[in-house]
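K.L.:
Numbering-wise (my numbering), the sequence shown opens with residue 1 and increments by one.
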Amino acid sequence: MPIRLTPAQLFRSQVRNMQRSGLSAFEAQQVAASGRKLNSPSDDAVGTQRSVVLRELRSDVAVGRQKIDTARGEMMTAESAIAEMTNVLSRLKELSVQMASEVMTAGLRADAAVEVTQLKEVLIAQGNTRIGEKRLFAGQLTGTDPFDAAGNYVGNATAVTVQLPQGANTQVTMRGDDLLRGASGGPDVIQEVDDLIVALAANNTAGVQNAADLMGQSVDHVVGKRTELGSRMTQLDSLDEYFSSLELNVASEISQVEDVDPVEAFTEVTRTQQAFDAAMQVSAAARRQNIFELLF
Numbered sequence: 001m002p003i004r005l006t007p008a009q010l011f012r013s014q015v016r017n018m019q020r021s022g023l024s025a026f027e028a029q030q031v032a033a034s035g036r037k038l039n040s041p042s043d044d045a046v047g048t049q050r051s052v053v054l055r056e057l058r059s060d061v062a063v064g065r066q067k068i069d070t071a072r073g074e075m076m077t078a079e080s081a082i083a084e085m086t087n088v089l090s091r092l093k094e095l096s097v098q099m100a101s102e103v104m105t106a107g108l109r110a111d112a113a114v115e116v117t118q119l120k121e122v123l124i125a126q127g128n129t130r131i132g133e134k135r136l137f138a139g140q141l142t143g144t145d146p147f148d149a150a151g152n153y154v155g156n157a158t159a160v161t162v163q164l165p166q167g168a169n170t171q172v173t174m175r176g177d178d179l180l181r182g183a184s185g186g187p188d189v190i191q192e193v194d195d196l197i198v199a200l201a202a203n204n205t206a207g208v209q210n211a212a213d214l215m216g217q218s219v220d221h222v223v224g225k226r227t228e229l230g231s232r233m234t235q236l237d238s239l240d241e242y243f244s245s246l247e248l249n250v251a252s253e254i255s256q257v258e259d260v261d262p263v264e265a266f267t268e269v270t271r272t273q274q275a276f277d278a279a280m281q282v283s284a285a286a287r288r289q290n291i292f293e294l295l296f
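#1: Report, in whole angstroms, the separation of the C-beta atoms of Arg175 and Gly155, which I expect to be a contact under 8 Å.
#2: In angstroms, rounded to a whole number, what distance separates the CA positions of Thr227 and Val257?
#3: Work out the CA separation of Glu115 and Val222 for me, nearest whole Å.
#4: Please work out which residues of its chain come closer than 7 Å, Cβ to Cβ, to Asp240, disregarding the five sequence neighbours upstream and downstream, and give them in chain order.
#5: Looking only at DSSP bridge pairs, what is Arg297 linked to?
#6: Specify, as a first and last residue, the run of the alpha helix (DSSP H) that Arg58 falls within.
#7: Give me the Cα-Cα distance between Leu119 and Leu92, rounded to the nearest whole angstrom.
#8: By Cβ distance below 6 Å, which residues in the same chain neighbour Asp195 in space, the five residues on each side in sequence not counted?
#9: Look up Gln171 in the DSSP assignment and say whether it is helix, strand or coil.
#10: Thinking just about the alpha-carbon of each residue, which of Val46, Gly47, Ala62 and Thr48 is nearest to the one in Ser245?
#11: Considering only residues of the same chain and omitting the five flanking positions on each side of Gln98, which have a CB-CB separation below 8 Å?
#12: Tell me the rounded alpha-carbon separation between Glu247 and Val53.
#13: State the Cα-Cα distance for the pair Phe147 and Gly107, rounded to the nearest angstrom.
#14: Which residues in the same chain as Gln171 place their Cβ atom closer than 6 Å to its Cβ, once the five residues preceding and following it in sequence are excluded?
#15: Which one of Glu192, Asp237, Leu180 and Gly216 has the shortest CA to CA distance from Arg72?
#16: Determine whether the beta carbon atoms of Glu74 and Gln126 lie at a separation below 7 Å.
#17: Ordered along the chain, which non-local residues of its own chain (more than five positions away) have a Cβ less than 8 Å from that of Leu123?
#18: Write down every uninterrupted run of the alpha helix (DSSP H) in the region 182–234 whose length is 4 residues or greater and which is fully enclosed by it, in chain order.
#19: Which class does Val154 belong to by DSSP, given the choice of helix, strand or coil?
#20: Mapping DSSP to helix, strand and coil, what is Val103?
#21: Quick one: Cα of Gly207 to Cα of Leu200, how far?
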């Protein structure tokens with residue numbers, strides 16, 4: 001036997017339909033006005049969670065790129081300092097070769113010793129290069145100069161690395177003891193300069209000749225360190241390009257999750273408004289029925 005709805009039941013059903021249609025029309029208008037699919041977590045739980053994950057990733061990438069910019073500035077400053085060290089060592093090599101000649105007098109070698117001492121001071125100053133209060137060749141003891149006045153290394157043996165998203169970490173600084181004190185098996189540049197000063201002051205031809213040979217190795221060593229730093233800078237540029245691309249892709253994904261297509265949004269506004277208008281008309285017709293038919 002078919003179930004027959006009373007007029008009152010039909011009326012209440014029509015009211016509920018009208019309310020649902022009105023809510024749908026309101027939500028569609030809200031989406032169209034804001035341009036966003038997700039105006040509250042209840043709009044789409046899965047989409048909201050995806051949005052949170054993507055926004056966290058975008059924030060991490062943005063912080064990573066800021067770190068890269070900072071690291072790039074430090075590397076460029078360090079590279080400039082190493083370039084100046086190379087110039088100083090080239091002059092020391094040139095001077096030592098000149099002074100190695102047996103025709104050089106004690107007076108000329110004494111004068112050369114003064115110049116070499118001054119050049120050593122320049123080397124130490126470059127080894128203490130800093131940006132603000134951050135010493136670039138001090139390992140992780142960046143708050144104090146890594147070289148004292150005599151050229152002794154007082155930094156530590158741990159280079160600074162930058163921690164980037166997705167485990168893409170890279171070393172930023174170069175330790176001063178590797179660069180000028182032979183800590184990793186290279187020449188002890190400062191010691192060789194000291195030996196040259198002693199040989200010149202003592203008018204020791206053999207000592208000057210030996211220092212001239214070693215100074216060439218020091219030049220090659222520092223040039224190699226400059227090349228190594230250049231390779232890291234190239235790697236950093238590649239990472240920056242990768243994160244720049246990732247940042248754009250994440251922004252696009254966020255837009256797909258959160259933003260609405262304008263044409264689709266206004267089409268939905270029209271559809272839901274028409275449905276609401278139709279529900280209103282049905283409700284109005286129902287209200288015109290006899291009140292007794294609705295209640296009994």
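Ideal Cβ placement from N, Cα and C applies to all residues, glycine included.
P.N.:
For this structure:
#1: Translated into the one-based positions of the sequence shown, residue 175 becomes position 175. Translated into the one-based positions of the sequence shown, residue 155 becomes position 155. Contact flag correct, Cβ pair sits at about 7 Å.
#2: To locate residue 227, count along the sequence shown from 1; it is residue 227. To locate residue 257, count along the sequence shown from 1; it is residue 257. Distance between the alpha carbons of Thr227 and Val257 is about 45 Å.
#3: Counting from 1 along the sequence shown, the entry for residue 222 is found at position 222. Counting from 1 along the sequence shown, the entry for residue 115 is found at position 115. Roughly 20 Å between the two C-alpha positions.
#4: As a working mapping, residue 240 is identified with position 240 in the sequence shown. The residues are Arg65 and Ile68.
#5: In the structure as shown, the chain begins at 1 and stops at 296. Residue 297 is therefore absent and cannot be evaluated.
#6: One-based indexing of the sequence shown puts residue 58 at position 58. Here the alpha helix (DSSP H) through Arg58 covers Ala45 to Met99.
#7: Translated into positions along the sequence shown, residue 119 becomes position 119. Translated into positions along the sequence shown, residue 92 becomes position 92. In a straight line, the C-alpha of Leu119 is about 8 Å away from that of Leu92.
#8: To locate residue 195, count along the sequence shown from 1; it is residue 195. Here the set comprises Ala211.
#9: One-based indexing of the sequence shown puts residue 171 at position 171. Note: Gln171 maps to strand in three-state DSSP.
#10: As a first step, residue 245 is located in the sequence shown; it is residue number 245 there, counting from the start. When only C-alpha atoms are compared, the closest one is Ala62.
#11: As a first step, residue 98 must be located in the sequence shown, where it is residue number 98. Only Met104 and Ala112 meet the Cβ criterion.
#12: Here residue 247 corresponds to residue number 247 of the sequence shown, with the count starting at 1. Here residue 53 corresponds to residue number 53 of the sequence shown, with the count starting at 1. Using only the alpha carbons, I get a separation of about 13 Å.
#13: Position 147 of the sequence shown, counted from the start, is the residue given in the question as residue 147. Position 107 of the sequence shown, counted from the start, is the residue given in the question as residue 107. Phe147 and Gly107: Cα-Cα distance of roughly 31 Å.
#14: Residue numbering aside, residue 171 sits at position 171 when the sequence shown is read from its first letter. Cβ neighbours of Gln171 beyond the five flanking positions: Ala159 and Thr161.
#15: By 1-based counting over the sequence shown, the position of residue 72 is 72. Among Glu192, Asp237, Leu180 and Gly216, the Cα nearest to that of Arg72 belongs to Asp237.
#16: Taking the sequence shown and counting its residues from 1, the one referred to as residue 74 is at position 74. Taking the sequence shown and counting its residues from 1, the one referred to as residue 126 is at position 126. It is not a contact, given that the beta carbons lie outside the stated cut-off.
#17: Walking along the sequence shown from the start, residue 123 turns up at place 123. Cβ within range, chain order: Met85, Val88, Leu89, Gly151, Leu180, Val189, Ile190 and Val193.
#18: 189–201
#19: Taking the first residue of the sequence shown as 1, we reach residue 154 at position 154. The answer is coil: DSSP assigns Val154 none of H, G, I, E or B.
#20: Within the sequence shown, numbered from 1, the residue matching residue 103 stands at position 103. Coil.
#21: Against the sequence shown, residue 207 aligns to sequence position 207. Against the sequence shown, residue 200 aligns to sequence position 200. Each residue's alpha carbon lies about 8 Å from the other.
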